[in-house]
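*Asks:* Handing you this structure, nothing more for now.
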Amino acid sequence: MKIVGKSVRKVDGIALATGQPVFTLDAVPPGAAVGKILRSPYAHAEIVRIDTSRAEELPGVLCILHHGNVPRIPYTTAGQGWPEPSPYDSFLFDRKVRFVGDRVAAVAAISEEIADEALRLIEVEYRELPAVLDPAEATAPGAPVIHDEEDARGIHDPEHNVAAAIDIRVGDIVRGFAESDVVVETTCVFPYVQHVPLEPHCVVAYLDEEDRLVIRSATQVPFHVRRIVARALGLPLSRIRVIKPRIGGGFGTKQEIVLEDVAAALALRVRKPVVMKYTRAEEFVAARTRHPMKVRVVLGAKKDGKIHAIEMDVLSNTGAYGTHSLTVLSNVGSKTLPLYNKAPHLWFHGKAVYTNLPVAGAYRGYGATQGYFALEVAVDELAEKLGMDPLELRLKNHIRAGETSPIFEKIGEGRAGKAQVVRSCALEECIREGARRIGWEEKRGKRIREGNWIHGVGMALSMQGSGITDIDMAAATVVMNEDGTFRLLVGATDLGTGSDTILAQIAAEALGVPVEAISVYSSDTDFTPFDTGAYASSTTYVSGGAVLRAAREVRRQILEVAAAILEEPPEELDLEGGHVVSRKSGKRVPLSEVGHRAMYVTDQRHIIATASFVAPESPPPFAAFFAEVAVDTETGVVRGGKFVAAADCGTPINPALAEGQLEGAIVQGIGHTLYEELRFSPRGRVRNPNLFDYRIPTAADVPDVEVVLIPSDEPTGPYGAKSIGEIGINGPAPAIANAIHDAIGVRLYRIPFTPERVLRAIRAKSSA
Ligand code: SMO
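Residues 1 to 768 (the numbering used here) are what the sequence shown spells out, left to right.
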């Protein structure tokens, strides 16, 4: 292959690096009004009265929206496929508020200052209701009911605050544990963490010259935005156009409608462009977070280390609204249990419950991250109890190519899944290569000491998916220009990942041209074909599959035209270096001549093709993670020494970009493992909604991260590719937890591993 497998420069790299106006807020129409949201000071309250008269009298205030003057339509803010698996428990504005920061009203004004002043002048009388902030208490009898509205739909058990529930059994779990020689039980706790994209949520909404609503938004899901805004505002879909420019990171939080609905409603009301953006504080409080979870894992194994039974029990906190509640919960099991597919007895069960706290949603890893933390710590404990090397234990149990798991069929995306066989798997090589690079043999169990610092190594495995089987669909259009260059139109959403580049590489490879010969357009619901969007590690596999099909059809059309020029059958022709070349005679014709002839000369036609691809299965990428840490036994500080990840993403289309995804996800994972946690006051207010008090890793905090890609060939993927976007984030928490145990013999079950927690655990152990 000439283009695939090469680390070509990002197609948007120069524009980004030279500061071209490519982001949402770089192109605000002149005279745009500023939209701002009034937020609830209470965790749970009824709005008794809302008086906007003083605010409306303020010069420069254009419009104020609240529950009293907008239609009441239930919808979900989760940008997912259709049918939507999340409950319809949200309204543009509601009579009730369900967390500190919930929407009360929105203002459009001619300036930000006036909008802020107007928010202060809105008088709201609340009747405070009892709140529930603890997910374990949310389901108790007598707990306040958070979604008591009658018109919500799709909530599993609203009276007990259960947004979603799952109960999947394979084999006989009781027998499974009875037949096991060793059983371990581990419970791990994952707190509230936020994605912290550099670019917060932002949007510009305006009416175009034909009075159609245009929404320019930093979103991962432009087509879902169009569909959901149409529902929320009661508009025909055809009146809405969503444009996705360059995006400054999403990580799942932009798989959600948090501003587009409000901005659109304001723009329709004031008939002027409206610009809205979240502050960093709003991003923490009122965007989305990862689902905080308590995950209990019970493993049963035979003496020889064969894992025989796995129970996984999940309590997920979805916050005030149930977006992604069922699907993230499902993924805790569906993305983890197949990894240890030799166990015949499985029980996966859990609940996602409402609390009066910020709203959890999609976050890179999407439940798998929470699941792997508990599962991989449990596997480490099992190895300890069996007296086995945890590496050998994993080698003995992990899934291989040619194998399957009943979980693939039992758990899908909010519904049953689909049976699938793993066709490509280089996990064993990943484990061996990672172990070699970290120095597993030399370092494990040695407890090397330097002053107060003790060193340890730990490992974890992970798999993920590549898109959502039978749901994720992407289309692509490849258009040939008469000079032999191409345009590639995709609904796929590059949110900084580099997907435009790898999609161009896939097309370039098929068309025998350099990447520079392809102009990529993504994504505009009026001009690019449908794509479910950037989530579920789908873009390379699903959108790439569509691009490859469309490019191959264009190739066929090119060869047909060239056959007439060269007077040879198309079967003898090939595309190479911007030419059509005959394998038989060596005769060649440049693509520019083919394009020119097709467009202007003979049998005129436009060489163009559109193709769709639906994920036929979801081939998992695999990874092995190894952490080396040093723990200061005096202060409890954990210092990352080195972090190694070896991953199998099939054929890396662009190795530098794939490695970047893996590295970035690992750094994000190190962040939640060591530093990050949203903290709350007893009344449910976020105490640390800023980057001083909520710490994400800076360059100085990041250890030496070494990533290596071990290629495999995925037969169902474009040029053998699988995904890489999410998997990296699953490794740090369990690998670092296991490394801390290797260093100081203490197990930590709750992230982040702050010095206070580590020290407390050390003291508890020494006094035990
Ligand atoms: S967490 Mo992603 O937007 O699947």
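The beta carbon of each residue, even a glycine, is placed where N, CA and C say it ideally should be.
1) I'd like the list of long-range same chain contacts for R695, defined as Cβ closer than 6 Å, with 5 residues on each side in sequence excluded.
2) With a threshold of 7 Å, establish whether the CB of I252 neighbours any heavy atom of the ligand SMO.
3) Excluding the five sequence neighbours on either side, which residues of its own chain have a C-beta within less than 8 Å of the C-beta of Q505, listed in chain order?
4) Where do the ends of the alpha helix (DSSP H) carrying E117 lie?
5) Name the residue from L268, P621, A33, R552 whose alpha carbon lies nearest to the alpha carbon of T477.
6) Counting Cβ pairs, one atom from each stretch, are 3 or more of them under 8 Å apart for the stretch 445-453 and the stretch 474-488?
7) Evaluate the contact criterion for the stretch 107-127 versus the stretch 279-299: three or more CB pairs, one atom per stretch, below 8 Å.
8) Might you give, ordered along the chain, the residues of its own chain that have their beta carbon closer than 6 Å to the beta carbon of P191, omitting 5 neighbours on each side?
9) I'd like to know whether the C-beta atoms of E628 and V457 end up nearer to each other than 8 Å.
10) Mind checking whether the beta-carbon of Y535 lies closer than 7 Å to any heavy atom of the ligand SMO?
11) Among all the DSSP beta bridges, which residues are the ones paired with A374?
12) Leaving aside the five residues before and after D94 along the sequence, list all residues of the same chain whose C-beta is less than 7 Å from its C-beta, in chain order.
13) What do you reckon, is the C-beta of R364 under 7 Å from a heavy atom of the ligand SMO?
14) Whole angstroms are fine: how far does the CA of I257 sit from the CA of V225?
15) Compute every distance between the C-beta of Q80 and the non-hydrogen atoms of the ligand SMO, then say whether any falls below 7 Å.
16) Using 8 Å as the threshold, is the C-beta distance between I243 and A230 below it?
17) Does the contact criterion of 3 or more C-beta pairs under 8 Å hold for the stretch 715-731 versus the stretch 364-374?
18) Cβ of T698 within 8 Å of Cβ of I751?
19) Provide the residue(s) that pair with H398 in DSSP beta bridges, ordered along the chain.
20) Could you check what DSSP says for Q255 in three-state terms: helix, strand or coil?
21) Give every residue of the same chain whose Cβ lies closer than 8 Å to the Cβ of I50, excluding the five residues on either side of it in the sequence, and list them in chain order.
22) In the stretch 605-686, which residue ranges form an unbroken alpha helix (DSSP H) of at least 4 residues, counting only runs that do not cross its ends?
23) At a cut-off of 7 Å, would you count Q194 as near the ligand SMO, judging by its Cβ distance to the nearest heavy atom?
24) What are the start and end residues of the alpha helix (DSSP H) that includes H224?
25) Taking the beta carbon of W82 as the centre, do at least 16 other beta carbons fall within 10 Å, making it buried, or is it exposed?
26) Taking only the alpha-carbon atoms, compute the straight-line gap between V162 and T187 and give it to the nearest angstrom.
27) Less than 6 Å between C-beta atoms, sequence neighbours within five positions excluded: which residues of the same chain meet that for L375?
28) Report back the beta-carbon spacing between L781 and A352 to the nearest angstrom; my notes put them in contact at under 8 Å.
29) Go to C202, then tell me how far its alpha helix (DSSP H) extends in each direction, as first and last residue.
30) How is V295 classed by DSSP in three states: helix, strand or coil?
31) Using the Cβ count rule (16 or more neighbours within 10 Å means buried), how would you classify M463?
32) Figure out for me which residue from P344, K96, G319 has the closest Cα to the Cα of F177.
33) Is DSSP giving Y88 helix, strand or coil here?
34) Among the residues of its own chain, which have a CB less than 6 Å from the CB of F171, if the five just before and after it don't count?
35) Who are the near neighbours of E56 in its chain, counting only those whose CB is closer than 7 Å to its CB and skipping five residues on each side?
36) Going straight from the alpha carbon of Y340 to that of N397, what length do you get?
*Replies:* In short:
1) The residue labelled residue 695 in the question sits at position 695 within the sequence shown. If you ignore the 5 residues before and after R695, its C-beta comes within less than 6 Å of the C-beta of Y675, all in its own chain and listed in chain order.
2) Start at 1 with the first residue of the sequence shown, and residue 252 comes out as number 252. Ile is not the amino acid found at residue 252; the sequence shown has Gly there. Correct: G252 has its Cβ closer than 7 Å to the ligand SMO.
3) The residue given as residue 505 occupies position 505 in the sequence shown. Excluding residues within five positions, the ones whose Cβ falls inside 8 Å are I3, V4, K6, V8, V515, I653, N654.
4) For the purposes of this step, residue 117 is identified with residue 117 of the sequence shown, where counting begins at 1. It spans 112-121 - the alpha helix (DSSP H) in which E117 sits, taken as one unbroken run.
5) Taking the sequence shown and counting its residues from 1, one reaches residue 477 at position 477. Scanning L268, P621, A33, R552 for the CA closest to the CA of T477 turns up R552.
6) no
7) no
8) As a first step, residue 191 must be located in the sequence shown, where it is residue number 191. Around P191: P292, E677.
9) Here residue 628 refers to the residue found at position 628 when the sequence shown is read from its first residue. Here residue 457 refers to the residue found at position 457 when the sequence shown is read from its first residue. A contact, by the Cβ cut-off of 8 Å.
10) In the sequence shown, residue 535 corresponds to position 535, counting from 1. At least one heavy atom of the ligand SMO is nearer than 7 Å to the Cβ of Y535, so yes.
11) By 1-based counting over the sequence shown, the position of residue 374 is 374. Partner(s): none; A374 has no beta bridge.
12) Here residue 94 refers to the residue found at position 94 of the sequence shown. Contacts found: H67.
13) By 1-based counting over the sequence shown, the position of residue 364 is 364. For the ligand SMO, at least one heavy atom lies less than 7 Å from the Cβ of R364.
14) On the sequence shown, residue 225 is found 225 positions in, with the first residue counted as 1. On the sequence shown, residue 257 is found 257 positions in, with the first residue counted as 1. If I take the Cα positions, the gap works out to 7 Å.
15) Here residue 80 refers to the residue found at position 80 when the sequence shown is read from its first residue. No; taking the cut-off as 7 Å, the Cβ of Q80 has no heavy atom of the ligand SMO nearer than that.
16) Residue mapping note: residue 243 aligns to position 243 of the sequence shown, counting from 1. Residue mapping note: residue 230 aligns to position 230 of the sequence shown, counting from 1. Not in contact: I243 and A230 (Cβ atoms no closer than 8 Å).
17) yes
18) Sequence index remark: in the sequence shown, residue 698 carries index 698 (1-based). Sequence index remark: in the sequence shown, residue 751 carries index 751 (1-based). No, these two residues do not count as a Cβ contact at 8 Å.
19) Within the sequence shown, numbered from 1, the residue matching residue 398 stands at position 398. Beta-bridge annotation (DSSP): H398 is not paired with any residue.
20) Your numbering for residue 255 matches position 255 in the sequence shown. Of the three classes helix, strand and coil, the one that applies to Q255 here is coil, per DSSP.
21) Here residue 50 is taken as the residue at index 50 of the sequence shown, counted from 1. The residues are H66, H67, G68, V104, A105, I122, E123, V124, E125.
22) 655-674
23) Walking along the sequence shown from the start, residue 194 turns up at place 194. Q194 Cβ: outside cutoff for every heavy atom of the ligand SMO.
24) Here the question's residue 224 lines up with position 224 in the sequence shown. Here the alpha helix (DSSP H) through H224 covers 222-233.
25) Residue mapping note: residue 82 aligns to position 82 of the sequence shown, counting from 1. That one is exposed.
26) As a first step, residue 162 is located in the sequence shown; it is residue number 162 there, counting from the start. As a first step, residue 187 is located in the sequence shown; it is residue number 187 there, counting from the start. Looking at the two C-alpha atoms, the distance is approximately 21 Å.
27) Walking along the sequence shown from the start, residue 375 turns up at place 375. Correct list, in chain order: V297, T336.
28) Outside the displayed span of the chain (1 to 768) sits residue 781, for which this structure offers no information.
29) Here residue 202 corresponds to residue number 202 of the sequence shown, with the count starting at 1. No alpha helix (DSSP H) contains C202, which is instead part of the beta strand (DSSP E) from 202-207.
30) Here residue 295 refers to the residue found at position 295 of the sequence shown. Strand.
31) As a first step, residue 463 is located in the sequence shown; it is residue number 463 there, counting from the start. Buried, because 16 or more other Cβ atoms sit within 10 Å of the Cβ of M463.
32) Counted from its first residue, the sequence shown places residue 177 at position 177. Out of P344, K96, G319, P344 has the C-alpha closest to the C-alpha of F177.
33) Indexing the sequence shown from 1 puts residue 88 at position 88. Y88 falls in the strand class under three-state DSSP.
34) For the purposes of this step, residue 171 is identified with residue 171 of the sequence shown, where counting begins at 1. Correcting the residue type first, residue 171 is Gly in the shown sequence and not Phe. Cβ neighbours of G171 beyond the five flanking positions: P344, H345.
35) Within the sequence shown, the letter at position 56 stands for residue 56. Cβ neighbours of E56 beyond the five flanking positions: I64.
36) Position 340 of the sequence shown, counted from the start, is the residue given in the question as residue 340. Position 397 of the sequence shown, counted from the start, is the residue given in the question as residue 397. Whole-angstrom Cα-Cα distance: 5 Å.
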